[in-house]
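Visitor: Before we start, here is the structure in question, set down as structure tokens.
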Amino acid sequence: MNPGTLRDVISRIADRQVLTYRGDQLTLGSEQDAVDLLGDAFGEHADIVVVPADRVAADFYTLSTRVAGEVVRKFAMYHIRLVVLGDITSHLEASDAFRAFVHEINRGNDIWFVADEAELTAKLTG
288 MNPGTLRDVI SRIADRQVLT YRGDQLTLGS EQDAVDLLGD AFGEHADIVV VPADRVAADF
348 YTLSTRVAGE VVRKFAMYHI RLVVLGDITS HLEASDAFRA FVHEINRGND IWFVADEAEL
408 TAKLTG
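Start counting the sequence shown at 288; every next residue gets the next number (the working numbering).
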């Protein structure tokens, strides 16, 4: 894992093992970060990895960098769900392409963007 990244919470929601990061530095900003997160998920037998939106690098939110695509492919390949948790309003307002990406990706099961833990719980139990 990246130096400074802290794994804070292992929990169960709707019979799923959830690994939540709450470190004070960026957690997700490259394909290698995705691999690191997946390694931790496998080590904890987690089905879901939750990363706070403010721990995601700006490049992820800029589709032209291809970081989001690389991350999505990694998580989909290993059948571990990634959840970006928190307010991404500024990124949605800044880019029509990113807004469309989030709308489409939230329809699937590989990656979700949710506003808070209540929304995550509702999606998992509903």
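The C-beta atom is built at its ideal place from N, Cα and C for all residues, glycine as well. Bear in mind the structure is a predicted one, so any value in this text is a computation, not a measurement.
Assuming Phe362 and Asp397 make a contact with CB atoms under 8 Å, what is their CB distance in whole Å?
Guide: Right, their Cβ atoms sit about 6 Å apart.
Visitor: Comparing C-alpha positions only, which one of His332, Arg309, Asp403, Arg353 sits nearest to Tyr365?
Guide: The residue with the shortest Cα to Cα distance from Tyr365 is His332.
Visitor: Nearest to Val370 by CA position, among Glu406, Leu313, Glu318, is which residue?
Guide: Closest by alpha carbon: Glu406.
Visitor: Kindly indicate which residue of Phe347, Val354, Leu372 has the alpha-carbon position closest to the one of Leu306.
Guide: Ranking Phe347, Val354, Leu372 by Cα distance to Leu306 puts Leu372 first.
Visitor: Which partner residues does Thr349 have in the DSSP bridge list?
Guide: DSSP lists no partner for Thr349.
Visitor: In whole angstroms, give me the CA-to-CA distance for Ala317 and Ala384.
Guide: Strictly speaking, residue 317 in this sequence is Ser, with Ala absent from that position. Looking at the two C-alpha atoms, the distance is approximately 20 Å.
Visitor: Compute the beta-carbon to beta-carbon distance between Leu411 and Ile300, rounded to the nearest angstrom, for a pair I have assumed lies under 8 Å.
Guide: That pair is a contact at about 5 Å.
Visitor: If you draw a straight line from the alpha carbon of Val400 to that of Gln319, how long is it in whole angstroms?
Guide: It is Phe, not Val, that sits at residue 400 in the sequence shown. Going by the C-alpha atoms only, they are around 20 Å apart.
Visitor: Taking C-beta to C-beta, are Val343 and Leu315 nearer than 9 Å?
Guide: Yes. Within cutoff.
Visitor: Less than 9 Å separating the beta-carbons of Ala328 and Ile392?
Guide: No, Cβ-Cβ distance for Ala328 and Ile392 is not below 9 Å.
Visitor: In three-state terms, what does DSSP make of Leu325?
Guide: Residue state, collapsed to three classes: helix.
Visitor: Would a C-beta distance cut-off of 9 Å place His358 and Phe347 closer than the cut-off?
Guide: The question names His, but residue 358 in the sequence shown is Val. Cβ atoms of Val358 and Phe347: closer than 9 Å.
Visitor: Out of Gly395, Gly356, Val354, Ala402, which one is the CA nearest neighbour of Thr376?
Guide: Looking at the Cα atoms, Ala402 is the closest of the given residues.
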